[in-house]
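In our numbering, the protein residues as written are 35 to 215. Worksheet: one structure, shown below.
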Ligand SMILES: CC(C)(COP(=O)(O)OP(=O)(O)OC[C@H]1O[C@@H](n2cnc3c(N)ncnc32)[C@H](O)[C@@H]1OP(=O)(O)O)[C@@H](O)C(=O)NCCC(=O)NCCS
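Structure (structure tokens):
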């Protein structure tokens with residue numbers, strides 16, 4: 035359980051995506067590629083083992099209010115903090131957040147922050163089981179780019195400095211452990 039219900043705010047749950055349980059039909063975050071991904075590609079990607087997806091719903095209502103997905107990724111060893119290079123590994127193992135989105139009518143109420151913090155906690159658990167030096171994501175570009183960039187910066191993400199992916203940001207797992215572990 036993520037939050038306790040009050041008179042004004044229903045209890046929120048974040049649970050693993052279940053095609054049979056979660057109703058994606060009315061979801062729109064205002065960014066069509068993410069909406070299409072949720073409705074058209076997510077099930078296949080989950081089935082193929084490419085991502086896991088975590089879905090926020092309220093009370094017993096199956097309507098998706100927000101979600102994020104996680105997948106494994108490797109980044110080039112010459113990127114990131116100097117101590118990564120000193121480790122002498124060919125690639126840096128990281129966990130990639132492929133999508134984070136909140137239904138338009140729920141944006142600005144703290145759900146996006148709650149989803150990212152849930153993702154960070156989950157990644158911390160994964161990093162106890164297999165090597166993962168950081169969590170990365172690509173900040174989407176459109177008219178809301180500056181707000182998005184600020185949103186992730188306030189959560190502790192910093193630019194990776196990857197010329198091939200200039201909007202890729204990361205948070206070292208050591209930082210996540212220090213603040214949430
Ligand atoms: C970005 C997003 C996940 C944030 O979720 P949220 O629930 O609105 O965020 P919270 O209420 O926890 O936090 C508010 C912060 O999010 C950012 N934010 C809020 N609405 C936003 C929007 N429509 N677009 C981009 N960023 C937004 C702002 O930085 C805001 O801080 P501020 O209130 O000080 O300006 C959500 O707005 C969204 O789904 N946007 C469309 C899809 C998207 O951009 N996904 C991110 C892909 S990188």
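In this text, a Cβ means the ideal position worked out from N, Cα and C, and glycines have one as well.
DSSP three-state assignment for residue 84, whether helix, strand or coil: Indexing the chain shown from 1 puts residue 84 at position 50. Three-state result, residue 84: coil.
Nearest candidate by alpha-carbon position, reference residue 153, set 192, 89, 141: Taking the first residue of the chain shown as position 1, residue 153 is located at position 119. The residue with the shortest Cα to Cα distance from residue 153 is 89.
When 101, 128, 133 are compared against residue 140, the one with the closest alpha-carbon: Residue mapping note: residue 140 aligns to position 106 of the chain shown, counting from 1. Out of 101, 128, 133, 101 has the C-alpha closest to the C-alpha of residue 140.
4 or more residues per run - each alpha helix (DSSP H) lying fully within the segment 143-185: The segment 143-185 is shown to contain whole alpha helix (DSSP H) runs of 4 or more residues at 145-161, in chain order.
Residue 109 versus residue 128: straight-line alpha-carbon distance, rounded: What you label residue 109 is simply residue 75 of the chain shown in a count that begins at 1. What you label residue 128 is simply residue 94 of the chain shown in a count that begins at 1. Those two C-alpha atoms are separated by around 7 Å.
Test item: CB-CB of residue 104 and residue 194 under 8 Å: Counting from 1 along the chain shown, the entry for residue 104 is found at position 70. Counting from 1 along the chain shown, the entry for residue 194 is found at position 160. At a Cβ-Cβ threshold of 8 Å, residue 104 and residue 194 do not count as neighbours.
Sufficient close CB pairs (3 or more, under 8 Å) joining the segment 68-78 to the segment 44-58: A contact is defined here as three or more CB-CB pairs under 8 Å, and the segment 68-78 meets this definition with respect to the segment 44-58.
Continuous alpha helix (DSSP H) assignments of at least 4 residues falling wholly in the segment 72-134: Complete alpha helix (DSSP H) runs here, min 4: 76-81, 116-120.
Neighbourhood of residue 175 by C-beta distance below 7 Å, restricted to the same chain and skipping five residues each side: Taking the chain shown and counting its residues from 1, one reaches residue 175 at position 141. Only 201 meet the Cβ criterion.
Any non-hydrogen atom of ligand 1 within 7 Å of residue 182 CB: What you label residue 182 is simply residue 148 of the chain shown in a count that begins at 1. Residue 182: yes, Cβ under 7 Å from ligand 1.
Check whether residue 206 and residue 161 have beta carbons under 8 Å apart: On the chain shown, position 172 is the one that residue 206 refers to. On the chain shown, position 127 is the one that residue 161 refers to. Taking a C-beta distance under 8 Å as the contact criterion, residue 206 and residue 161 do not qualify as a contact pair.
Residue 49, DSSP secondary structure in three states: To locate residue 49, count along the chain shown from 1; it is residue 15. In the displayed model, residue 49 falls within a strand according to three-state DSSP.
Nearest candidate by alpha-carbon position, reference residue 149, set 131, 69, 165: Within the chain shown, numbered from 1, the residue matching residue 149 stands at position 115. The candidate whose alpha carbon is nearest that of residue 149 is 131.
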